[in-house]
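Chemist:
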Amino acid sequence: MRYLIISTYPAEGSRNIGDALITRTTEDFLRLFDPSAEVATLFRATKREDALESISWADQIIFACLALRGDLISVYPYIRDILSSNAQLSVIAAGTELEMMGADLTQRGFTDADKKLVKELALLSKVFSTRGILTQAFLESLGVIGPCYAGDVAFGVEGRKFGKTPSVKKIVISDPHKARHYLPVFKGLVREARDSFAQSRLICALHGENPLVEETCDSLGIESVSIFKNPDAGLAIYDDCDLHLGFRVHGHVSALSRGIPSYILEQDGRGADYGVSLGLRVSNPCFLEKKRGGLHGALKNLKRSDRNFSSVAPASALQSLMAMVRYHAKSEFLVFEAMNPIIEHIRAQNKYLFAQICARV
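FYI, the numbering for the sequence shown is 14 to 374, going by the working numbering.
#1: Taking three-plus beta-carbon pairs below 8 Å as touching, is the stretch 248-268 in contact with the stretch 182-189?
#2: Output the boundary residues of the beta strand (DSSP E) element that contains E279.
#3: Quick one: what's got a C-beta closer than 8 Å to P48's C-beta in the same chain, skipping five residues either side?
#4: Which word fits Q280, buried or exposed, when buried means at least 16 other C-beta atoms lie within 10 angstroms of its C-beta?
#5: What are the partner residues of R5, as DSSP defines its beta bridges?
#6: By the three-class DSSP mapping on this structure, what secondary structure does G272 have?
#7: Which word fits N79, buried or exposed, when buried means at least 16 other C-beta atoms lie within 10 angstroms of its C-beta?
#8: Ends of the beta strand (DSSP E) at F76?
#9: Which residue comes first and which comes last in the beta strand (DSSP E) that contains T109?
#10: Please confirm whether S98 and S69 have their CB atoms less than 9 Å apart.
#11: Taking C-alpha atoms, which residue in S103, D94, A218, G83 lies nearest to Q73?
#12: To which residues of the same chain is E110 closer than 6 Å at the C-beta, ignoring the five residues directly before and after it?
#13: Please name the residue, chosen from G234, L256, H263, D231, that lies closest to I240 on a Cα-to-Cα basis.
#14: Taking 8 Å as the threshold, find out whether the stretch 229-246 comes into contact with the stretch 193-206 through three or more Cβ pairs.
#15: Cβ atoms of F123 and R82: under 9 Å apart, would you say?
#16: E302 to P189, Cα distance in whole Å?
#17: Starting from S142, trace the beta strand (DSSP E) both ways and give me its first and last residue.
#18: Where does H358 land, buried or exposed, given buried means 16+ other C-beta within 10 angstroms?
#19: Could you tell me the alpha carbon to alpha carbon distance between N353 and L293, rounded to whole angstroms?
#20: In chain order, what residues of the same chain lie with their CB nearer than 6 Å to the CB of P51, ignoring the 5 residues before and after it?
#21: Can you give me the start and stop residues for the beta strand (DSSP E) that L55 sits inside?
#22: To the nearest angstrom, how far is the alpha carbon of S138 from that of V88?
#23: What distance in whole Å lies between the Cβ atoms of V166 and L45, which are believed to be in contact at a cut-off of 8 Å?
#24: For A326 versus L278, is the C-beta distance shorter than 9 Å?
#25: Can you check which of these residues, T229, P160, A100, A206, is closest to R193 by C-alpha distance?
#26: With distances taken from CA atoms, which of G259, K364, V348 is nearest T178?
#27: For a quick check, are the C-beta atoms of A71 and A106 less than 9 Å apart?
#28: Helix, strand or coil for E171? Go by DSSP, reduced to three states.
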């Protein structure tokens, strides 16, 4: 059977390695249940005219981590062509970037037209899963019929189990993807890691293009590795580390799937989705807060508008996260053994879904 994976991985631009992981594990699950599968990928933002041939080629089309964003036609320019195609459709691990500082679960710019497209996609899909319970709740609030929470496909087909971590010799710190706002917190995280684990080697994993963090690592005297330049093997940096700290959700997933203790600061709704879904608290909200500018700015523009504010990340989030890390270290991170059945359940759920996708009925 011919499968077309609609991928969120951009081969140019940010080159976020987490998106490459999603695409690769989606193909792994397909080949688990259909060893003779023909698999092709199509980047979500490909121009419509360049996507039509791939769409007509496919027997099945799978949205790998459908990016539920405002103005879906710009996010997926050819989505209407997919909806009208003859291919069987599926959605695996749909995700949002919800606003976390408002009164409601909202997705910036999400319109009635977007809602209509998602409802139609859900009705046409053989399988429709979400990667987090916040995303699941958002879709349910829209009245979308069919989605089920199954967790992130990026945990893969199999992985290592958690046991004791008696010593921490190597720490991988993943970079913030909103570097300009999170640089003070990133610097604080490096300082806290050095203070808490003085004998450890610190390495910063750059999950995407991030020159500001790379320069900061140089100034702080820690090694940085541009793992995004090797989308197939870059995440192997987590193979032999003892602890992951940082910001990237797929640094978190990569460490956890290897049985490595991992803690993240949740930058936005993506991190929050993992924080509330995994069932073991090993992350902390660190959402941007709006801070009113100084007197000069206020006098310059007396009207209350966003121009009077700057976004800052709360430093207190780091302190509470590191308090958790230091406490868990006293018991050799045995708390993570509770994560074993949680991750295995996610893998089992995804295997069940891919068995349905690949069933020739």
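For glycine and all other residues, C-beta sits at the position ideal for the given N, C-alpha and C.
Modeler: On the basis of the supplied data:
#1: yes
#2: 275-279
#3: none
#4: buried
#5: The structure shown does not extend to residue 5, since the chain is modelled only from 14 to 374, so the question has no answer here.
#6: coil
#7: Reading off the sequence shown, one finds Leu at residue 79, where the question assumed Asn. It is buried - the Cβ of L79 has at least 16 other Cβ atoms within 10 Å.
#8: 73-77
#9: 101-109
#10: yes
#11: S103
#12: D281, G282, R283
#13: H263
#14: yes
#15: yes
#16: 16 Å
#17: 138-143
#18: exposed
#19: 11 Å
#20: Just to set this straight, residue 51 is Glu in the shown sequence, not Pro. Correct list, in chain order: R15.
#21: 51-56
#22: 19 Å
#23: Contact flag wrong, Cβ pair sits at about 12 Å.
#24: yes
#25: T229
#26: V348
#27: no
#28: coil
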